[in-house]
Amino acid sequence: MKYIQLPLAMLLAGVCSAGNSIRAAEPATIDLTQWKPPDIATVGEDPFGKLVKYGHALFSNTANEIGPSVPDPAKRFAGNNLACQNCHLQAGTQPYAMPMLGIWGQFPQYRGREGDVTSVEERINGCMERSMNGRALLFASREMKAFASYLRWLSNEIPDGAKLRGAGTLKIQEPERAADPVRGAEVYAHVCSACHGQNGLGVRAQNGLGYQFPPLWGPDSFNNGAGMSRILTAAAYAKHNMPLGAKFDAPFLTDEQAYDVAGYIVTQIRPEKSDLDKDYPIRLQKPIDAPYGPYADEFPATQHRLGPFGPIRAKVKELGAVSQSSNGSASENASHEAEGAK
Ligand code: HEC
Ligand code: HEC
444 MKYIQLPLAM LLAGVCSAGN SIRAAEPATI DLTQWKPPDI ATVGEDPFGK
494 LVKYGHALFS NTANEIGPSV PDPAKRFAGN NLACQNCHLQ AGTQPYAMPM
544 LGIWGQFPQY RGREGDVTSV EERINGCMER SMNGRALLFA SREMKAFASY
594 LRWLSNEIPD GAKLRGAGTL KIQEPERAAD PVRGAEVYAH VCSACHGQNG
644 LGVRAQNGLG YQFPPLWGPD SFNNGAGMSR ILTAAAYAKH NMPLGAKFDA
694 PFLTDEQAYD VAGYIVTQIR PEKSDLDKDY PIRLQKPIDA PYGPYADEFP
744 ATQHRLGPFG PIRAKVKELG AVSQSSNGSA SENASHEAEG AK
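When the letters of the sequence shown are read in order and numbered with our numbering, they come out as residues 444 to 785.
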C-alpha cells in the first residue's frame, strides 16, 4: 500500500508544482495587431448567442438601440447619438482604437478614476456616463448582459490577464511644448472638416438616428469627463486612426499635427459631467492631461489641458516620491499614465 502511495504522492506533487510554475511564469502576450477577430455571422441562436448579437447591435448601432431619441423612453440610456464603435472602430476590433479583444480577461482591475477595483460592467458604464454622456445601465438589465456577452465572446481564446499588444491607444512622441490650438485649427480645416464638418458637429446618417461622421464637440458629443477629452488620448487616437483609414502602422498625421489638432478639439465646448471632483480620489493618480481639477500639483488648468507636460510629470513624480516616503501610500502615477497606451 505504502509502496504504491509514495510514488503517487510524489507524482501529484510534481504535477502541482508544474502547475504552479506555469502560473508564476510571465502572462501570455497576445498580439492584437495580428489577431483574427471572431466573425459575428458564426454566432448561433442559443441564449448566449442571442445576447452576443444584441451586444454587437448595441455596440455598432447604439443611437438606434439606446440613444436619446429611441421611441421607448425606458431605453434612452445614451445621452448622445454616438455609437460605441465611432471610437472603438470596427465594432471594437481595430488595434490601437481601444479594441475590446481580450478586455474581458483584464477585469476586475484597479482603476485610478474610481480609486477602487472595478468590474467590466462598471467600465462599460464609465463610457455610458462619459463618452455617451448618458446614464449607467443596471447590471441585471438585458442591455448590460448583452454588452458583457459581446465582450466575452470577442475575448474568446485570449487568456485571462494576457499582455495585449494593440490594446488602448498608441502614444505619440509628445512635443516638448504646449499644443497650439491655432495651428490645430488649420490641421482641422485641411484634414478633418471634410468629414466632421467645419463646425465639428458631424454629419447625420441618411437613415436612422446616428451619424455618418460623428461630432467631435458640441451638445451631441462626449462630455468633459470622457477619455477622449484628454489631449494625449485624443492625439494618440487621431494620429493612429484618423483621417478614417489611417492605421497605427500607416499614420497620416505627424506627431506635431496630432498634438495640435487634439489641442484644438479639447478646447471646444462640450457637455459637462457633474461630480467630476469625485474622480481620482488619490489625486496623484490623476492623468496629467485630465481637463478638470482638482490636481495634486499647482500647475494652471490650461497647462493640464494643453501642456507642456514634462514639468507636470516631473512634479507629480516628485510629489509621489514624497508621499511614498512619508506615509507609504505609493503613487501609481507612472503605471497609470501608461494605461492609455497599454
Ligand atoms: C468618444 C469616444 C468613445 C465612445 C463613443 C465610447 N468609448 Fe469606450 N473608451 C474610450 C476611450 C478613449 C477609452 C480608453 C481610454 C480612457 O478611458 O481614458 C475607452 C475604454 C473603454 C473600455 C475599456 C477598454 C480597455 O482597454 O480597458 C470599455 C470596456 C469601453 N470603453 C466600452 C465602451 C462601450 C460599451 C461604449 C458604448 C456604450 C463605449 N465604450 C463608447 C472612448 C469611447
Ligand atoms: C474620411 C472621413 C474622415 C476624416 C477626414 C476624419 N475622420 Fe474622424 N471619423 C470618421 C468616421 C466615419 C468616424 C467614426 C468611425 C466609425 O463609426 O466607424 C470618425 C471618428 C472620429 C473620432 C471618434 C468619434 C468622435 O465622435 O469623437 C475622432 C476623435 C475623430 N474621428 C477625429 C478626427 C480628426 C482629428 C480628424 C482629422 C485629423 C479626422 N477625424 C478626420 C471620418 C473621418
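The C-beta atom is built at its ideal place from N, Cα and C for all residues, glycine as well.
Run through the DSSP bridge pairs and tell me what residue i is partnered with.
{"i": "A693", "result": "K690"}
{"i": "R554", "result": "D559"}
{"i": "K760", "result": "BP columns for K760 are empty, so no partner."}
{"i": "V646", "result": "F656"}
{"i": "R608", "result": "D474"}
Determine whether the beta carbon atoms of residue i and residue j lie at a separation below 8 Å.
{"i": "S664", "j": "P714", "result": "yes"}
{"i": "P511", "j": "N529", "result": "no"}
{"i": "V709", "j": "P737", "result": "no"}
{"i": "G609", "j": "P542", "result": "yes"}
{"i": "T561", "j": "Q552", "result": "yes"}
{"i": "I674", "j": "G706", "result": "yes"}
{"i": "G645", "j": "P658", "result": "yes"}
{"i": "A871", "j": "L762", "result": "Nothing about residue 871 can be reported from this structure: the residues present for the chain run from 444 to 785 only."}
{"i": "Y723", "j": "R556", "result": "yes"}
{"i": "A540", "j": "G653", "result": "no"}
{"i": "M587", "j": "R578", "result": "no"}
{"i": "A589", "j": "L494", "result": "yes"}
{"i": "A679", "j": "K614", "result": "yes"}
{"i": "N666", "j": "N576", "result": "yes"}
{"i": "I725", "j": "G558", "result": "yes"}
In whole angstroms, what separates the C-alpha of residue i from that of residue j?
{"i": "A471", "j": "S636", "result": "42 Å"}
{"i": "P618", "j": "G750", "result": "9 Å"}
{"i": "T697", "j": "L544", "result": "27 Å"}
{"i": "K760", "j": "F752", "result": "12 Å"}
{"i": "S766", "j": "Q533", "result": "43 Å"}
{"i": "Y497", "j": "D692", "result": "32 Å"}
{"i": "Y446", "j": "S598", "result": "The predicted position of Y446 is uncertain, since its pLDDT is 48 and thus under 50; a value taken from the coordinates is nonetheless stated next. Each residue's alpha carbon lies about 47 Å from the other."}
{"i": "K682", "j": "I546", "result": "23 Å"}
{"i": "G535", "j": "E469", "result": "26 Å"}
{"i": "E775", "j": "L727", "result": "Interpretation of E775 is limited by its pLDDT of 31, a score under 50 that renders its predicted location unreliable; no figure is taken from the coordinates."}
{"i": "E600", "j": "P490", "result": "20 Å"}
{"i": "V486", "j": "K479", "result": "16 Å"}
{"i": "F520", "j": "A764", "result": "42 Å"}
{"i": "G783", "j": "I712", "result": "Only weak support exists for where G783 lies, its pLDDT of 39 falling under 50; the value from the coordinates is given anyway. Their Cα atoms are separated by approximately 23 Å."}
{"i": "D732", "j": "E488", "result": "45 Å"}
{"i": "A677", "j": "Q700", "result": "12 Å"}
{"i": "A757", "j": "F742", "result": "12 Å"}
{"i": "Q746", "j": "V704", "result": "16 Å"}
{"i": "W660", "j": "S574", "result": "11 Å"}
{"i": "Q655", "j": "C638", "result": "9 Å"}
{"i": "K721", "j": "G668", "result": "11 Å"}
{"i": "P686", "j": "G643", "result": "14 Å"}
{"i": "P538", "j": "K518", "result": "30 Å"}
{"i": "Y633", "j": "A622", "result": "In the sequence as presented, Tyr is not what sits at residue 633; that position holds His. About 18 Å."}
{"i": "P514", "j": "P754", "result": "50 Å"}
{"i": "D482", "j": "I473", "result": "19 Å"}
{"i": "A689", "j": "L475", "result": "17 Å"}
{"i": "N684", "j": "A648", "result": "21 Å"}
Checklist entry - Would you call the stretch 496–516 and the stretch 589–601 in contact, with 3 or more CB pairs under 8 Å? => result Output reads yes: the stretch 589–601 touches the stretch 496–516.
Checklist entry - Okay, do the stretch 619–631 and the stretch 565–583 touch, 3+ Cβ pairs below 8 Å being the bar? => result With a cut-off of 8 Å on Cβ pairs, the stretch 619–631 is not in contact with the stretch 565–583, counting fewer than three such pairs.
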